[in-house]
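Peer 1: Pasting a structure here, questions to come.
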Amino acid sequence: MLNYAYPRSRFEPTVLVDLNAKAERERLSKSALKGFFKLVATWKVRDEDARQLLGGLSNSAYYDWKKNPERTLEVDCITRISYLLGIYKALHIIYGDKLADEWIALPNNNQIFEGRTPLAYMLGGGLIAMQTVRQLLDARRGGL
Numbered sequence: 001m002l003n004y005a006y007p008r009s010r011f012e013p014t015v016l017v018d019l020n021a022k023a024e025r026e027r028l029s030k031s032a033l034k035g036f037f038k039l040v041a042t043w044k045v046r047d048e049d050a051r052q053l054l055g056g057l058s059n060s061a062y063y064d065w066k067k068n069p070e071r072t073l074e075v076d077c078i079t080r081i082s083y084l085l086g087i088y089k090a091l092h093i094i095y096g097d098k099l100a101d102e103w104i105a106l107p108n109n110n111q112i113f114e115g116r117t118p119l120a121y122m123l124g125g126g127l128i129a130m131q132t133v134r135q136l137l138d139a140r141r142g143g144l
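Numbering (UniProt numbering), first residue to last: 1 to 144.
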């Protein structure tokens with residue numbers, strides 16, 4: 001009987017972050033919010049739309065979060081911010097800074113967007129739409 005083994009590789013799998021663990025969410029929340037607010041400023045996203053990207057946050061909560069990011073976010077909110085930051089990073093890898101920062105607000109003829117802006121698509125489709133945009137850009141970045 002032969003024993004088969006996978007060849008050695010330099011690939012090391014990333015340790016997954018357990019967002020259900022409150023300690024992990026506490027660790028990530030402040031920097032996630034700071035990154036989100038810088039991102040929406042760079043993309044020139046209206047506050048109303050930024051609130052929607054976070055999952056439909058109220059006006060008062062949004063401004064409180066902006067003023068004081070010292071809080072623990074829920075899994076949904078951290079996931080949304082993670083997708084958006086991944087989109088930002090992918091855009092800056094694929095395009096120059098100017099186009100990368102404008103892309104989100106430009107009408108797009110890709111069949112996913114159907115002539116809408118990627119921002120409008122994500123506002124209409126929520127978390128799943130954010131995931132789709134992230135996957136699209138990661139595929140483009142990977143050469144697909």
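Every residue, glycine too, gets a C-beta built ideally from N, C-alpha and C.
Would you be able to state if there are at least three C-beta pairs under 8 Å between the stretch 16-26 and the stretch 75-93?
Peer 2: Verdict: yes, contact present.
Peer 1: Where A105 and I112 are concerned, what is the direct C-alpha to C-alpha distance, given to the nearest angstrom?
Peer 2: Looking up residue 105 in the sequence shown gives position 105. Looking up residue 112 in the sequence shown gives position 112. So the alpha carbons of these two residues sit roughly 15 Å apart.
Peer 1: Just confirm the distance between the C-beta atoms of T14 and D101, as a whole number of angstroms; I'd bet it's less than 8 Å.
Peer 2: Taking the first residue of the sequence shown as 1, we reach residue 14 at position 14. Taking the first residue of the sequence shown as 1, we reach residue 101 at position 101. Contact flag wrong, Cβ pair sits at about 28 Å.
Peer 1: Rounded C-beta distance between M130 and L99? I'm assuming under 8 Å.
Peer 2: Translated into the one-based positions of the sequence shown, residue 130 becomes position 130. Translated into the one-based positions of the sequence shown, residue 99 becomes position 99. With 8 Å as the limit, M130 and L99 do not qualify as a contact, their Cβ atoms being about 20 Å apart.
Peer 1: Do Q52 and L123 have their C-beta atoms within less than 8 Å of each other?
Peer 2: Taking the first residue of the sequence shown as 1, we reach residue 52 at position 52. Taking the first residue of the sequence shown as 1, we reach residue 123 at position 123. A contact, by the Cβ cut-off of 8 Å.
Peer 1: Which first and last residues belong to the alpha helix (DSSP H) in which W65 is found?
Peer 2: Numbered from its first residue, the sequence shown carries residue 65 at position 65. It spans N59 to K67 - the alpha helix (DSSP H) in which W65 sits, taken as one unbroken run.
Peer 1: How far does the alpha helix (DSSP H) with K98 in it reach, from first residue to last?
Peer 2: Locating residue 98 in the sequence shown gives position 98, counting from the first residue. Where K98 is concerned, the enclosing alpha helix (DSSP H) stretches over D97 to E102.
Peer 1: Under 7 Å Cβ to Cβ from L39, same chain only, skipping five residues before and after it: list those, please.
Peer 2: The residue given as residue 39 occupies position 39 in the sequence shown. For L39, where only same-chain residues beyond five positions count, the Cβ hits under 7 Å are L84, L85 and Y88.
Peer 1: Quick one: Cα of K34 to Cα of A50, how far?
Peer 2: Reading the sequence shown from its first residue, position 34 is the one you call residue 34. Reading the sequence shown from its first residue, position 50 is the one you call residue 50. One C-alpha to the other measures close to 13 Å.
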